[in-house]
Structures are given as structure tokens and as C-alpha cells.
Amino acid sequence: MQRNVPFYKIVAGTHFAVDAFSYGDIPNVNNYFLTHFHSDHYSGLKKSFNKLLFCSQITADLCTSRLGVNPKHIQIMNLDETITIEGVEVTAVDANHCPGAVMLVFTLPNGKTLLHTGDFRASPAMESYPVFWNKDIHTVYLDTTYCNPRYDFPTQDQSLEMALHLLRQKKASLEEAGKKFASVLIVCGTYTIGKEKFFMGMARRVGCAVWACPEKERVLRAVEGRQAQQTRALPQACQLHVVPMRDLTHEVAGTLVRPTVLRARVREFERSDREFYTSRCVVPMRDLTHEKLRAYLDSLEGVFSEVVAFKPSGWESGKEAAVQKDLVTIYGIPYSEHSSFPEMIRFVNFLKPKQVVPTVDISGGIKAVQKYFPCPLAYKEDLRSQSRVTDYFSAQSRQQVHAVS
């Protein structure tokens, strides 16, 4: 049975679908867009896909290498370059989310402009994007992951500084006790792709090398443009590990002898005697548990004496800062790759659209946050999910969302 297509997956006034691969062959949709390579957006995209797919270079590399999508069905979109598809001008701009993530600006033949943010983290820099200059945005399909005033977390730079401050404190306390900071294994949670700016930013500031298991290595190669330096090294000899925790056993790690090593320059943590040595291990967020981290620590056979782990996520905002058990300390860091509520509102105020269509369910419902927006929010509950694009367009005139065409 074919699933109904949520109305926000179809760009009104076009035959385009965005991040809509789990609904079968959508009638009257000729072109598909993928904003970024996160499973909740590419779900349903398979090797058998035979339509035309538009995405960024990084996302395309991951679609071919991990999903087996035929490259002949993929059209690469370069940032800030406008292409014309069925008479519609389409421009991809940086979404400030994970590597390869884009927002999509659609300008219809009648001059109306729509923006689909995909997943994004709004920033003041976006207000300088030329694509937004002298252009009235009619509709914004908005990432509303944190659409609630209580989500006012720090900027990404501030969140990184929070983690670095904790490491400085750890380093100082160990040296005061006559111990070396090199004995600490630093762990960072990650997704298949995402949080790279956090752990690579930390690597640059601390002075680390990154070790990756083959799965994560392939992703980093796509992200880094396949320019990573090849080095034969065991995980115990590397300073930063990027590997799923489920694979972090002594037996498995000992056989992975050709990891990618990404060198980072030592800065504020550099010591004059050059003895400073820190290991960072980047693991899936779900595996940041004391039990798994302690097991991994033991598997390294005494190379490290304790674990300091970071869980970078916007959902950590307002939670207990640290949980310590045995030789493992886990810190929740409110680092998000989605917009905070104030950032979201500022972005919408800048664009001044005629309407906003939420693409993520809002806690408490749309009415609870409508007063913060300068324009009407589309009521999802008042718009039936349509499996046929033609049905959707004809229904628009009868619904609260104003038709674009």
C-alpha cells in the first residue's frame, strides 16, 4: 500500500519532491531533491532509483557509495549556482547543517519564490546570501525541529568552547596531581555524517590526529574531498578515533591497520616538551553509555586510564551537564546543527515570507508559537496528505495555505 505524501514534501506549483523517497513512485513528480544525507531524509532511496535526483556533490558521493544509486540518475548542484528545471530556477545554498547539506530556493515562472530549508542552522551569515537579495520569498518550508522558546542554546562556537573549557580543567587537575593529560581518552558522539565541525574544531584546538574505522572513513573521505592522508597505524597509536562503538573491541581494532589519519595543528594545548598526547574517539550518539565506554577503555589495554566523553546535541540543552561513573565521565554539550528558536525567528523575520510551512511537528502545536512569527504558519492538521500532486494543487484553494501559483 502506497503511503500518502506529506504536503510539505511537494514544492507547490511544481512537479518537484524534496526528501520524499519512501512513498513509492509519486504521480506527476519528475524531479527529486535530496537536501542532505541523513537517513530520515533519504529513507527509501535505493539502488533501483531511476528518476532524476538533484543534490550536492558530497551527498551524491554518499548516495552512490553507500546506497548504490546509479550516478547517471544524479545531477550535481553546485552551491550558489542557479539551474533551470522545467522553467523553474533552482539555487542550492549552504544549510549550515551537516557536510553537503543545502537549502533550495525555487523561483517559479510567475516570479513567486519558495525556500525549502531541509535541515539547517540559521545564522546571520545567511542574510548575506545573494540569492535572497531583492527577492520576495512567498513560502518557506521551515525546519522547525526546535520550534519552542525554551530552545535557546548557544552558538556552535560557544558550544565548542564549553567542551574545550572542560578539557582545560581536566588537564589542569591532572597535571596538579602529577599525571599526564595523555592518559585521557576523549570520546565524541557522531552520526554517519554530522558533528564534523565539532570534533574537527576540537582537534584543531587540542592538536589531534583522527583515526577512522572503514565505514566512517569513507564518509570522511567524501567530506574531505578524498584528500585524507593514508597512514598505517593502530588505534592505540592515533590521537583521535572515528569509529562506531559497536566495532570498538580489541580484536576488531587490531585488524584495521589502514585507517585514514587527519592531522591537526597543536594550538592552545601544545606543550613545550611536545609530550602532550590526547586521543579522541568519535562514536555514534546512541553508544555514549558508561558501560560501552568502559568496555572500550579496557580493550585498549592500559593505553588510557579514563574516558571523557562529549554528547553534542541540541537536546542536551537544559539537561544535567555531566554524569560520572567509574572511570567514565559523559558531558552533554548543547551543540546543535539545527536552528535554536531565536535563530529561527530571526531568519524568518529577515526573509519576511507570506507564509511558513513547518516540516517538523511542533511541540504544543502551531498555535502555541504563531505569535512569534511575522506571518501565518500553515496548519498541517488542516491539510490532508495527498498522494497525487494534482490533488494537492487543486486542494490548495480550499485550504488555509495560500496557493503559490
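Residues in the sequence shown are numbered from 0 upward in steps of one, following numbering that gives the first Met the number 0. All C-beta atoms, glycine included, are put in the ideal place defined by N, C-alpha and C.
(request) Give me the Cα-Cα distance between His-164 and His-289, rounded to the nearest whole angstrom. (result) For His-164 and His-289, the gap between their C-alpha atoms comes out near 22 Å.
(request) Let me know if Asn-109 comes out buried or exposed under the rule of 16 or more other beta-carbons within 10 Å of its beta-carbon. (result) Flag for Asn-109 reads exposed.
(request) Jot down the residue ranges of each uninterrupted beta strand (DSSP E) in the stretch 341-369, minimum 3 residues, whole runs only, in chain order. (result) Here the runs fully enclosed are 354-357.
(request) Reducing DSSP to helix, strand and coil, say where Leu-33 ends up. (result) Leu-33 falls in the coil class under three-state DSSP.
(request) Please state if the CB of Phe-197 and the CB of Gly-313 are separated by a distance shorter than 7 Å. (result) Their beta carbons are not under 7 Å apart, which means Gly-313 does not touch Phe-197 by this criterion.
(message) Below 8 Å on the Cβ atoms is my contact criterion, and I expect Phe-119 with Ser-338 to pass it. Report the Cβ-Cβ distance as a whole number of Å.
(response) With 8 Å as the limit, Phe-119 and Ser-338 qualify as a contact, their Cβ atoms being about 7 Å apart.
(request) Using the Cα positions of Cys-207 and Phe-303, report the straight-line distance between them to the nearest angstrom. (result) Going by the C-alpha atoms only, they are around 15 Å apart.
(message) So, with DSSP's three-state summary, where would you put Val-10?
(response) Residue state, collapsed to three classes: coil.
(request) Look at the alpha carbon of Ala-100 and the alpha carbon of Ser-42, and state the distance between them as a whole number of angstroms. (result) Looking at the backbone, the Cα of Ala-100 and that of Ser-42 are separated by about 16 Å.
(request) Under 8 Å by Cβ, that's how I've got Val-347 and Pro-373 pegged, so tell me the actual separation to the nearest angstrom. (result) Contact flag correct, Cβ pair sits at about 7 Å.
(request) Could you spell out where the alpha helix (DSSP H) holding Cys-62 opens and where it closes? (result) For Cys-62, the enclosing alpha helix (DSSP H) covers residues 56-66.
(message) Less than 7 Å between the C-beta atoms of Leu-113 and Thr-83, yes or no?
(response) No, Cβ-Cβ distance for Leu-113 and Thr-83 is not below 7 Å.
(request) Could you check what DSSP says for Thr-248 in three-state terms: helix, strand or coil? (result) Per-residue confidence for Thr-248 stands at a pLDDT of 31, beneath the threshold of 50, marking its modelled position as unreliable; no derived number is given.
(message) Which residue wins for smallest C-alpha separation from Lys-215, given the options Ala-202, Lys-194 and Arg-203?
(response) Selection Ala-202, Lys-194 and Arg-203 evaluated against Lys-215 yields Lys-194 as nearest (Cα-Cα).
(message) Is it the case that the stretch 127-147 contacts the stretch 358-373, given that we only count it when at least three CB pairs across the two stretches are under 8 Å?
(response) Cβ pair count under 8 Å is three or more, so yes.
(message) From the DSSP secondary-structure annotation, give me the bridge partner or partners of Trp-132.
(response) None; Trp-132 has no bridge partner.
(request) With distances taken Cα to Cα, identify the nearest neighbour of Glu-405 among His-96, Gln-74 and Val-104. (result) The question about residue 405 has no answer here: the residues shown for the chain are numbered 0 through 404.
(request) Could you check the C-alpha separation between His-72 and Arg-167 for me, to the nearest Å? (result) Cα-Cα distance, rounded: 49 Å.
(message) Checking 7 Å against the spacing of the C-beta atoms, do Leu-61 and Tyr-31 come in under that value?
(response) For the pair Leu-61 and Tyr-31, the CB atoms are not nearer than the 7 Å cut-off.
(request) Check the C-beta distance from Asn-316 over to Tyr-190 and give it rounded, since I have them as a contact under 8 Å. (result) First, the residue type needs correcting, since residue 316 is Ser and not Asn in the sequence shown. In this structure Ser-316 is not in contact with Tyr-190, their Cβ atoms being roughly 18 Å apart against a cut-off of 8 Å.
(request) Report yes if the CB atom of Val-92 is closer than 7 Å to the CB atom of Val-130, and no otherwise. (result) Going by C-beta atoms, Val-92 is nearer than 7 Å to Val-130.
(request) Determine which residues share a DSSP beta bridge with Leu-44 and list them. (result) Paired residues: none, contrary to the question.
(request) Please confirm whether His-115 and His-35 have their CB atoms less than 7 Å apart. (result) No, they are not a contact pair.
(request) Going by DSSP, name the residue or residues bridged to Phe-105. (result) Paired residue(s): Val-89 and Leu-113.
(request) Return the chain-ordered ranges of every alpha helix (DSSP H) run that is complete within the stretch 177-217 and spans a minimum of 4 residues. (result) Runs of the alpha helix (DSSP H) inside the stretch 177-217: 195-205.
(message) Please return the same chain residues whose Cβ sits closer than 6 Å to the Cβ of Thr-106, not counting the five positions on each side in sequence.
(response) The beta carbon of Thr-106 sits closer than 6 Å to those of Glu-88 and Thr-112, all from its chain and outside the five residues before and after it, given in chain order.
(message) If you measure between the beta carbons of Asn-27 and His-40, is that distance less than 7 Å?
(response) No, these two residues do not count as a Cβ contact at 7 Å.
(message) Let's test the definition: count the other Cβ atoms within 10 Å of the Cβ of Lys-291 and tell me whether it reaches 16, buried, or not, exposed.
(response) Taking a 10 Å sphere around the C-beta of Lys-291, we find 16 or more other C-beta atoms and assign the residue as buried.
(request) Answer with buried or exposed for Ser-335, where buried requires no fewer than 16 other C-beta atoms within 10 angstroms of its C-beta. (result) Around the C-beta of Ser-335, 16 or more other C-beta atoms lie within 10 Å, and the residue is accordingly described as buried.
(request) Mark Val-186 as exposed unless 16 or more other C-beta atoms lie within 10 angstroms of its C-beta, in which case mark it buried. (result) Counting Cβ neighbours within 10 Å, Val-186 comes out buried, since at least 16 surround it.
(request) Can you tell me the Cβ-Cβ gap for Met-76 and Ser-47, rounded? I've got them flagged as a contact below 8 Å. (result) About 23 Å separates the two Cβ atoms, so there is no contact after all.
(message) Just to check my reading of the structure: Tyr-330 and Phe-309 have Cβ atoms closer than 8 Å, yes? What is that Cβ distance to the nearest angstrom?
(response) Between Phe-309 and Tyr-330 the Cβ distance is about 5 Å, and since that is below 8 Å, they are a contact.
(message) For a test of the three-state rule: what should DSSP assign to Tyr-140, helix, strand or coil?
(response) It is a strand residue.
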